[in-house]
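Heads up: the structure comes next, in structure tokens.
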RNA sequence: GCCCCCAUCGUCUAGAGGCCUAGGACGCCACCCUUUCAAGGUGGAGAUCAGGGGUUCGAAUCCCCUUGGGGGCACCA
């Protein structure tokens, strides 16, 4: 219910029809999520079709990026160029003969006509219309003329295009499955080009023909398509076909409410989210929040939302009529929060597997240390990409200002005293034998607080031992960290700290 | 300029005429827990439902206008 008019009989069929021009825009993922979820909700099919009729924009490898993005997100497709299906081929470049036949049909019925105008003439016409502040539209110079008749007039080329004949009067209304009725005056519409002069169809023809042939029941696409919907309906009408339900999904916006563009904004690409160490679960959950409301099953109050959910819940609760049509500002802090939630829920094994790609270039990486360090950092990460920076000190000594060795409320001399006492305790522990465990380290260091008359916070918090051992002020729990680092590194770093701090102190 | 879409806390969202002195989440603030940082727990600030008119006994919810934001105006999708 609420998902628009579904054609009688036949399964619900939705699709993702991207143009293979590069990376996948995150805004497309919203439409994909809606499409795939609607199909799943109704037990139908979701398929991929490549809109590759513009050879000049085609990019090698883009097809793989599309499959990769969907796979990463965990969205499965039933049919596509890669796996075939009953309505293939699923690449428009392989369907050219069909478009040709359909074009002939349109030409024969008079629903479309040839246009021999040069691009220059069209360009000039547009400029004049803009200057006169009237809606730019084709003046129909070629309508009803034979090639010979048209040739006699200026701005002629024999490489013709094909235009759809639009009504010129009255209004056009269609029901958007998300937004409701949308109305246009035909007077503001123009005869769009359906077939380019190189014989290739444009989206307006190819996509509609394919959606009919492939039995698409719901066309879900971005808001930027609203204004060309009258053309698309006209194409369906010209063939006498039923029109699928059409839904225009909300746009994703930057913080300043402008449209996210692949050129200017790195986060426009799905690939950016991968590189930044966002889990696909978090991305799906975040975007899912924009297209479906999932109530908390634990809570009797239906207005309380469930925060963590996946594809299954989205499919269960999605309803086109209830999708908010307004543009959505992308809220990275919320995504990060979700990401943290999912990172913490990963098994250690899975967590290790997922951070591994981010750790590749870490200098001095040691698998033994890493396996001990990872569990300490898992609950602290918002993005997997933070791992190399946050774990860096485990694998190499880092430069730091000796001032960080002095904790709040104490002076350099006291800090030196603490470090020396800790160093001695560590030495004792090391000579005792094979007891280098967090527990043993704690037992050895803990009594020092009382003995030295300082708080445990001053001893193990920001400063002294922590700073010496990790070269930083913040990090995971100290004793576990020391265990992971190993006794040699701890000794070496304590020695270095003592030496440096003494130098500073004696210089005063 | 023309056409179209949109409008509830900073952000996402619940709300389909009375249950709303508007609920939740992120973020923010405070406190608790605590060896730092997180995580977790508790509490708080934060929205005269963009503004103005209607309709109605009653409007965040319906209608109109204004304002603001966005999208489109290609032989790209």
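Numbering (the numbering used here), first residue to last: -12 to 495. The beta-carbon is built from N, C-alpha and C at its ideal position, and this holds for glycine as well.
Original post:
Within 10 angstroms of its Cβ, does residue 383 collect 16 or more other Cβ (buried), or is it exposed?
Top reply: Walking along the first chain from the start, residue 383 turns up at place 396. Classification of residue 383: exposed, given that the 10 Å Cβ count is below 16.
**OP:** Could you spell out where the beta strand (DSSP E) holding residue 34 opens and where it closes?
**Re:** As a working note, residue 34 is residue 47 in the first chain. From DSSP, the beta strand (DSSP E) with residue 34 extends over 32 to 35.
**OP:** Apply the 10 Å Cβ neighbour rule to residue 24 and answer buried if 16 or more other Cβ atoms are within range, or exposed otherwise.
**Re:** Position 37 of the first chain, counted from the start, is the residue given in the question as residue 24. Buried, since its Cβ has 16 or more Cβ neighbours within 10 Å.
Original post:
Taking residue 276 as the reference, which of 311, 348 and 142 has the closest Cα?
Top reply: Taking the first residue of the first chain as position 1, residue 276 is located at position 289. Comparing Cα-Cα distances from residue 276 to each of 311, 348 and 142, the minimum goes to 311.
**OP:** For the alpha helix (DSSP H) holding residue 171, just list the boundary residues, first then last.
**Re:** Along the first chain, one-based indexing puts residue 171 at 184. That residue, residue 171, is in no alpha helix (DSSP H); its beta strand (DSSP E) goes 167 to 172.
**OP:** Note down the Cα distance separating residue -12 from residue 237, rounded to an integer number of angstroms.
**Re:** In the first chain, the residue the question calls residue -12 occupies position 1. In the first chain, the residue the question calls residue 237 occupies position 250. With a pLDDT of 47 at residue -12, under the threshold of 50, the modelled position of that residue is not reliable, and no figure is offered here.
Subject >> Whole-angstrom C-beta distance between residue 293 and residue 326, which should lie under 8 Å >> reply: The count along the first chain starts at 1 and reaches residue 326 at position 339. The count along the first chain starts at 1 and reaches residue 293 at position 306. Between residue 293 and residue 326 the Cβ distance is about 17 Å, and since that is not below 8 Å, they are no contact.
Original post:
Considering only C-alpha positions, which residue in the set 468, 429, 337 and 438 is nearest to residue 380?
Top reply: Here residue 380 corresponds to residue number 393 of the first chain, with the count starting at 1. Nearest option by C-alpha distance: 468.
**OP:** Would you identify the three-state DSSP class for residue 99, choosing helix, strand or coil?
**Re:** As a first step, residue 99 must be located in the first chain, where it is residue number 112. It is a strand residue.
Original post:
Sorted by chain position, which residues of the same chain lie with C-beta nearer than 6 Å to residue 363's C-beta, five sequence neighbours on each side aside?
Top reply: The residue given as residue 363 occupies position 376 in the first chain. 463 and 467, listed in sequence order.
**OP:** Return the chain-ordered ranges of every beta strand (DSSP E) run that is complete within the region 405 to 453 and spans a minimum of 3 residues.
**Re:** none
**OP:** Starting from residue 22, trace the alpha helix (DSSP H) both ways and give me its first and last residue.
**Re:** Along the first chain, one-based indexing puts residue 22 at 35. Element bounds for residue 22: 13 to 28.
Original post:
Got a sec, what are the start and stop residues for the alpha helix (DSSP H) residue 121 sits in?
Top reply: Taking the first chain and counting its residues from 1, the one referred to as residue 121 is at position 134. Element bounds for residue 121: n/a, residue is neither H nor E.
**OP:** Provide the residue(s) that pair with residue 163 in DSSP beta bridges, ordered along the chain.
**Re:** Here residue 163 refers to the residue found at position 176 when the first chain is read from its first residue. Answer is 167 and 233.
**OP:** Between the Cα of residue 387 and those of 411, 329, 433 and 483, spot the shortest distance and give me the residue it belongs to.
**Re:** The sequence position of residue 387 within the first chain is 400, counting from 1. The option with the nearest alpha carbon to residue 387 is 483.
Original post:
Can you name, in chain order, every residue of its own chain whose Cβ lies under 8 Å from the Cβ of residue 170, other than the five neighbours on each side?
Top reply: As a working mapping, residue 170 is identified with position 183 in the first chain. Same-chain partners within the cutoff: 158, 159 and 160.
Original post:
Nearest to residue 459 by alpha carbon, out of 434, 412, 376 and 414?
Top reply: Numbered from 1 along the first chain, position 472 holds the residue referred to as residue 459. Looking at the Cα atoms, 376 is the closest of the given residues.
**OP:** Please report the residue range of the alpha helix (DSSP H) in which residue 482 lies.
**Re:** Locating residue 482 in the first chain gives position 495, where the first residue counts as 1. That run of the alpha helix (DSSP H) goes 474 to 493.
Original post:
Which residue spans inside the region 174 to 231 form an unbroken alpha helix (DSSP H) run of at least 4?
Top reply: 190 to 200 and 216 to 226
Subject >> Residues bridged to residue 1 (per DSSP) >> reply: Reading the first chain from its first residue, position 14 is the one you call residue 1. Residue 1 pairs with 33 and 205.
Original post:
Would you call the region 255 to 265 and the region 187 to 195 touching, i.e. three or more CB-CB distances under 8 Å?
Top reply: no
Original post:
With 16 other CB atoms within 10 Å as the buried threshold, where does residue 350 fall?
Top reply: Taking the first residue of the first chain as position 1, residue 350 is located at position 363. Residue 350 comes out exposed.
Original post:
Is it buried or exposed for residue 444, if we count other Cβ within 10 angstroms and need 16 for buried?
Top reply: Here the question's residue 444 lines up with position 457 in the first chain. Result: exposed.
**OP:** Starting from the Cα of residue 501, find the closest Cα among 436, 144 and 323 and give me that residue.
**Re:** The shown model of the chain, from -12 to 495, leaves out residue 501, and the question about it has no answer.
Original post:
Excluding sequence positions up to five away, which residues of its chain have a Cβ less than 8 Å from the Cβ of residue 429?
Top reply: Along the first chain, one-based indexing puts residue 429 at 442. Same-chain partners within the cutoff: 466.
**OP:** Might you give, ordered along the chain, the residues of its own chain that have their beta carbon closer than 8 Å to the beta carbon of residue 367, omitting 5 neighbours on each side?
**Re:** Taking the first chain and counting its residues from 1, one reaches residue 367 at position 380. Once the five neighbours on either side are set aside, the close Cβ partners of residue 367 are 377 and 463.
Original post:
Since residue 345 and residue 372 are thought to touch, with beta carbons under 8 Å apart, how far apart are those beta carbons, to the nearest angstrom?
Top reply: Here the question's residue 345 lines up with position 358 in the first chain. Here the question's residue 372 lines up with position 385 in the first chain. About 6 Å separates the beta carbon of residue 345 from that of residue 372, a gap short enough to meet the 8 Å contact definition.
Original post:
The beta strand (DSSP E) with residue 281 in it runs from where to where?
Top reply: For the purposes of this step, residue 281 is taken as residue 294 along the first chain, with counting starting at 1. For residue 281, there is no enclosing beta strand (DSSP E), as DSSP gives it neither H nor E.
Original post:
Are the region 128 to 137 and the region 85 to 104 touching by the rule of at least three beta carbon pairs closer than 8 Å?
Top reply: Short answer: they touch.
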